[in-house]
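One structure below.
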Ligand SMILES: C[S@@+](CC[C@H](N)C(=O)[O-])C[C@H]1O[C@@H](n2cnc3c(N)ncnc32)[C@H](O)[C@@H]1O
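In our numbering, the protein residues as written are 326 to 588.
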């Protein structure tokens with residue numbers, strides 16, 4: 326609790342990220358990661374293995390961009406820093422572990438950006454979604470773009486805000502939450518699909534709530550019906566082991582990893 330408060334007070338973030346709850350989410354993510362360290366270890370290891378395979382397959386080792394770098398729990402920063410001349414970490418919030426890890430390298434930089442295209446809309450500063458990637462993704466020197474367990478996160482805040490009927494609503498206020506979420510997921514994928522560099526894509530696909538007998542009580546499609554094709558690797562991520570959300574229930578996410586998604 327005290328550690329969370331410390332992180333909250335010492336994590337810099339632009340006004341929209343603070344007002345819309347992204348900074349709080351970032352602290353909360355680290356908090357759960359600490360509590361669930363053991364349960365998360367196989368998922369973090371599997372994610373890092375996909376990224377390492379993507380690095381090994383990359384010919385042009387000039388610039389690498391990591392989208393959704395967050396606390397760098399599933400991103401092997403040392404490997405990236407060794408392999409590339411320039412490493413660009415992109416997230417809505419760069420928490421303390423990422424800022425600390427970056428200090429060891431002069432060629433690693435952090436870029437703060439909204440990757441959902443919905444933040445300006447939620448702030449009443451845009452008329453519709455505008456999903457974009459930072460220009461560095463399309464620079465000729467960029468040899469690899471990694472979307473690191475980000476895709477399913479992009480719609481969470483915007484859809485929650487829409488469904489809560491929070492203002493400013495604008496023209497999207499009338500849109501169904503599922504359709505809105507789907508547009509955000511598709512927007513990120515379309516932006517990735519337009520890049521020249523190979524795209525390493527890691528994302529969770531669905532969530533199931535299980536009891537101690539392995540019976541599934543609820544299931545949610547985290548990508549709003551969008552299909553990605555057959556992943557090179559797939560695994561279960563025990564996001565919330567028994568005791569985290571309830572004594573006899575746990576949450577499991579199915580995760581897909583593509584070293585080069587478009588191939
Ligand atoms: C599950 S975490 C990814 C973990 C991270 N790859 C790591 O190695 O620890 C999802 C990340 O997406 C970021 N995120 C969520 N919505 C975002 C948005 N609209 N724009 C940019 N980043 C966003 C969060 O801040 C968080 O760091």
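The beta-carbon is built from N, C-alpha and C at its ideal position, and this holds for glycine as well. As the structure is a computational prediction, the values presented were derived from the model and not from experiment.
Compare the C-alpha of residue i against each of the options and name the closest.
| i | options | result |
| --- | --- | --- |
| residue 425 | 548, 332, 558 and 566 | 332 |
| residue 336 | 384, 374, 419 and 400 | 419 |
| residue 480 | 407, 507, 358 and 524 | 507 |
| residue 428 | 412, 487 and 417 | 412 |
| residue 436 | 402, 562, 395 and 456 | 395 |
| residue 363 | 584, 562 and 441 | 562 |
| residue 557 | 584, 487, 491 and 579 | 584 |
| residue 505 | 462, 352 and 551 | 551 |
| residue 365 | 518, 398, 351 and 415 | 398 |
| residue 540 | 573, 548 and 549 | 573 |
| residue 358 | 381, 487, 329 and 502 | 329 |
Leaving out the 5 sequence neighbours to the left and right, which residues in its chain are closer than 7 Å to residue i when beta-carbon positions are compared?
| i | result |
| --- | --- |
| residue 576 | 532, 534, 564, 565 and 570 |
| residue 448 | 341 |
| residue 346 | 482 |
| residue 375 | 525, 527, 558, 582 and 584 |
| residue 516 | 456, 457 and 458 |
| residue 587 | 518 and 524 |
| residue 369 | 398 and 399 |
Is the beta carbon of residue i within less than 8 Å of some heavy atom of ligand 1?
| i | result |
| --- | --- |
| residue 549 | no |
| residue 438 | yes |
| residue 372 | yes |
| residue 337 | no |
| residue 352 | no |
| residue 396 | yes |
| residue 333 | no |
| residue 512 | no |
| residue 482 | yes |
| residue 448 | no |
| residue 582 | no |
| residue 453 | no |
| residue 416 | yes |
| residue 441 | yes |
| residue 444 | yes |
| residue 506 | no |
| residue 461 | no |
Give the range of the beta strand (DSSP E) segment to which residue i is assigned.
| i | result |
| --- | --- |
| residue 380 | First-last for residue 380: 362-381, but that is the alpha helix (DSSP H), not the beta strand (DSSP E). |
| residue 467 | 467-473 |
| residue 500 | Where residue 500 is concerned, there is no enclosing beta strand (DSSP E), given that its DSSP letter is neither H nor E. |
| residue 392 | 388-392 |
Where do the ends of the alpha helix (DSSP H) carrying residue i lie?
| i | result |
| --- | --- |
| residue 404 | 402-408 |
| residue 331 | 327-335 |
| residue 488 | 481-488 |
| residue 341 | 340-344 |
Identify, in the order they occur along the chain, each residue of the same chain with its Cβ nearer than 6 Å to the Cβ of residue i, setting aside the five sequence neighbours on each side.
| i | result |
| --- | --- |
| residue 444 | 341 |
| residue 559 | 581 |
| residue 338 | 348 and 418 |
| residue 432 | 411 |
| residue 475 | 392 and 393 |
| residue 462 | 390, 470 and 520 |
Near residue i, what residues of its chain come up, given a Cβ to Cβ distance below 8 Å and the 5 sequence neighbours on each side ignored?
| i | result |
| --- | --- |
| residue 544 | 531, 532, 533 and 534 |
| residue 344 | 448 |
| residue 511 | 551 |
Curious, which full-length beta strand (DSSP E) runs of at least 3 residues does the region 403-463 contain? Under the rule that a run must span 3 or more residues, the beta strand (DSSP E) segments found entirely inside the region 403-463 read 411-416 and 433-437.
Going along the chain, which unbroken runs of the beta strand (DSSP E) with 3 or more residues stay wholly within the region 492-575? Taken in chain order, the whole beta strand (DSSP E) runs of length 3 or more contained in the region 492-575 are 524-535, 541-546 and 558-565.
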